[in-house]
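Taking the numbering used here, the leading residue of the sequence shown gets 40, the next gets one more, and so forth.
First up is the structure itself, then whatever we jot down about it.
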Amino acid sequence: MSFDLYPAIDLRNGRCVRLVQGDYEREVRYDANPVEVAHEFAEAGTRWIHMVDLDAARTGEPQPQNRVVIRSVVAAVGDAGVHVQVGGGVRSRERAEALYEAGVARCVVGTAAIENPDLVGELTSAGHRIAVGLDVRGTDVATRGWEHQSGVSLGDALARLAGSGAEAVIVTQIAHDGMGGGSDLAGLREVLDAPQRPPAMSVIASGGVGCLADIADLRDLRSPHGHTLAGAIVGKALHDGVISPVAAVVVARGSAAVDEPDPEPGQ
40 MSFDLYPAID LRNGRCVRLV QGDYEREVRY DANPVEVAHE FAEAGTRWIH
90 MVDLDAARTG EPQPQNRVVI RSVVAAVGDA GVHVQVGGGV RSRERAEALY
140 EAGVARCVVG TAAIENPDLV GELTSAGHRI AVGLDVRGTD VATRGWEHQS
190 GVSLGDALAR LAGSGAEAVI VTQIAHDGMG GGSDLAGLRE VLDAPQRPPA
240 MSVIASGGVG CLADIADLRD LRSPHGHTLA GAIVGKALHD GVISPVAAVV
290 VARGSAAVDE PDPEPGQ
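Here it is as structure tokens:
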């Protein structure tokens with residue numbers, strides 16, 4: 040299985056932001072134009088860009104400015120063969136269809152995967168590509184913009200998705216998200232070997248990447264049963280200039296040493 044880098048662009052009110060540990064009160068704003076950021080990611084050679092409408096994730100309602108940005112990003116990187124996946128507020132077939140019509144390659148269903156798991160099967164049966172987003176705080180999955188504890192364990196959530204046709208599960212470790220201290224590798228190994236995980240559902244890691252070595256650790260991660268990750272979502276380290284998009288893509292593909300010096304912020 041190949042390992043892909045998923046550079047992340049999180050949106051609030053049409054602007055590029057990051058949340059620390061999923062806390063809307065700990066928002067970091069970036070001045071960069073999201074479309075220009077996406078273009079930079081595309082030029083670096085990424086095959087995917089991961090976008091989240093944080094406003095919609097919290098309220099369930101699409102944010103008009105964010106939708107305009109998403110359409111613009113899809114148009115900007117499409118000719119380069121870059122796929123865009125989008126999450127945040129995808130809680131109905133109508134919301135998903137609107138994103139597909141905008142050119143989005145894959146929708147990420149999070150809250151609805153817990154509260155209305157039949158939606159995932161409905162969308163995949165219609166021929167749509169779906170990833171399920173499971174945001175984990177402690178032992179349970181958080182929903183509605185990470186502000187609600189569902190009481191559903193990660194294992195139970197995976198079991199509910201058996202036969203859904205979802206092609207990937209994105210596991211976000213909320214305690215690590217936006218911290219840059221590395222991912223919970225032991226926890227990810229457990230997800231890879233979880234008996235509830237459908238074999239055809241690949242695993243994408245999210246949260247904690249702060250340097251090139253962290254990307255390499257995820258790329259090389261192997262569970263006791265020999266399973267590997269399909270990719271990693273990286274946001275803060277790229278936006279802060281701690282690592283360059285080019286270096287991140289190269290390391291994700293396994294074609295460079297991990298001790299390559301990271302660029303200084305702003306370079």
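We put the beta carbon where it would ideally sit given N, CA and C, even for glycine.
Next item on the list: With DSSP as the reference, label D223 as helix, strand or coil.
Entry: coil
Notebook entry, point to check: Is the region 155-165 touching the region 174-185, taking contact as three or more C-beta pairs under 8 Å?
Noted result: no
Check: According to DSSP, what are the bridge partners of C250?
Finding: Bridge partners of C250: none, in fact.
Next item on the list: Given a cut-off of 8 Å, decide if G127 and V91 are closer than it, judged by their beta-carbon atoms.
Entry: Taking 8 Å as the Cβ cut-off, V91 and G127 qualify as a contacting pair.
Next item on the list: Run through the region 90-174 for me and flag every whole beta strand (DSSP E) of 3 or more residues, listed as ranges in chain order.
Entry: 122-126, 145-148
Next item on the list: Helix, strand or coil for L268, going by three-state DSSP, please let me know.
Entry: coil
Check: Is it the case that the Cβ atoms of A47 and H78 are separated by a distance below 8 Å?
Finding: no
Item checked: Counterpart residues of A207 in DSSP-defined beta bridges -> A170, S241
Check: Short check: CB of L260 to CB of R228, under 8 Å?
Finding: yes
Check: Rounded to a whole number of angstroms, what is the C-alpha to C-alpha distance between L200 and D232?
Finding: 16 Å
Check: So which of A225, H122, V59 has the shortest CA-CA distance to R86?
Finding: H122
Check: Distance, Cα to Cα, Q188 vs Y63?
Finding: 16 Å
Note to self: I believe A170 touches I213 by the beta-carbon criterion, under 8 Å. Please report the beta-carbon distance rounded to the nearest angstrom.
What the structure shows: Distance from A170 to I213 at the Cβ level is roughly 17 Å; contact not present, criterion being Cβ atoms closer than 8 Å.
Check: With burial defined as no fewer than 16 other Cβ atoms inside 10 Å of the residue's Cβ, what is the status of A165: buried or exposed?
Finding: By the Cβ-count criterion, A165 is exposed, with fewer than 16 other Cβ atoms from all chains shown falling within 10 Å of its own Cβ.
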